[in-house]
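K.L.:
Residue numbers for the sequence shown follow the numbering used here, beginning at 96 and rising by one. All C-beta atoms in this analysis are idealised placements derived from N, C-alpha and C, irrespective of residue type, glycine included. The structure is given below, and queries will be raised subsequently.
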Amino acid sequence: MVERTKLRPVASGLLTRFQGICFLGFQLLLGLGILLQLNNYSRVLGASSLLLVFSYPLMKSLTFWPQAYLGLTFNWRALLGWAAVKGSIDPAIVLPLFLSGVCRTLVYDTIYAHQDKEDDLKVGVKSIALRFGDSTKEWITGFGIMCISSLALSR
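Below, the structure written as structure tokens:
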């Protein structure tokens with residue numbers, strides 16, 4: 096077990112798995128209620144994000160780039176938000192904004208991943224922090240530059 100997460104409600108036994116699943120169900124129903132208030136284009140985008148959300152945990156065992164996948168997942172909201180307001184996506188504006196968000200996630204979640212490197216090695220979880228090791232700082236700098244550059248391109 097990862098030291099940092101062992102006190103979370105399900106991991107610590109404070110909540111049962113069934114209670115955790117019930118809470119997830121409640122959150123999904125709440126999200127569906129919000130999604131149904133949006134236009135059809137946004138509904139499709141919102142529903143498609145569930146593929147990313149549910150497959151993200153698998154990425155930690157399949158690739159050293161789970162932070163990039165998390166970036167795609169978290170920043171899907173840029174596409175969804177624009178579509179909810181405009182009814183469609185303007186790629187010239189939204190894609191650079193989306194890429195900026197992905198790069199921002201790469202920065203903060205790679206820093207965050209450094210806390211768990213020892214535990215990740217023990218349990219077989221992969222991360223950019225493990226992949227790049229001592230050169231992580233240079234990679235984070237590059238992701239930060241890409242974040243700001245992409246944001247500037249989004250007009």
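Measuring CB to CB, does SER144 end up less than 7 Å from TRP171?
P.N.:
As a position in the sequence shown, residue 144 is number 49, starting the count at 1. As a position in the sequence shown, residue 171 is number 76, starting the count at 1. Yes, these two residues count as a Cβ contact at 7 Å.
K.L.:
DSSP state of ASP185, grouped into three classes?
P.N.:
If you number the sequence shown from 1, residue 185 lands on position 90. Residue state, collapsed to three classes: coil.
K.L.:
Enumerated in chain order, which unbroken segments of the alpha helix (DSSP H) with a length of 4 residues or greater are wholly contained in the stretch 201–247?
P.N.:
The qualifying runs are 212–218, 223–227.
K.L.:
For the alpha helix (DSSP H) containing SER143, name the first residue and the last one.
P.N.:
Here residue 143 is taken as the residue at index 48 of the sequence shown, counted from 1. Start and end: 135–157.
K.L.:
What is the C-beta distance between PHE193 and ALA173, in whole angstroms, given that I count them as a contact (C-beta under 8 Å)?
P.N.:
On the sequence shown, residue 193 is found 98 positions in, with the first residue counted as 1. On the sequence shown, residue 173 is found 78 positions in, with the first residue counted as 1. Their Cβ separation, rounded to whole angstroms, is 5 Å, which keeps PHE193 and ALA173 in contact under 8 Å.
K.L.:
Answer yes or no: do GLY166 and VAL197 have a C-beta to C-beta separation smaller than 7 Å?
P.N.:
Here residue 166 is taken as the residue at index 71 of the sequence shown, counted from 1. Here residue 197 is taken as the residue at index 102 of the sequence shown, counted from 1. In contact: GLY166 and VAL197 (Cβ atoms closer than 7 Å).
K.L.:
If you check the beta carbons only, do PRO191 and SER137 fall under 7 Å apart?
P.N.:
Looking up residue 191 in the sequence shown gives position 96. Looking up residue 137 in the sequence shown gives position 42. Not a contact, by the Cβ cut-off of 7 Å.
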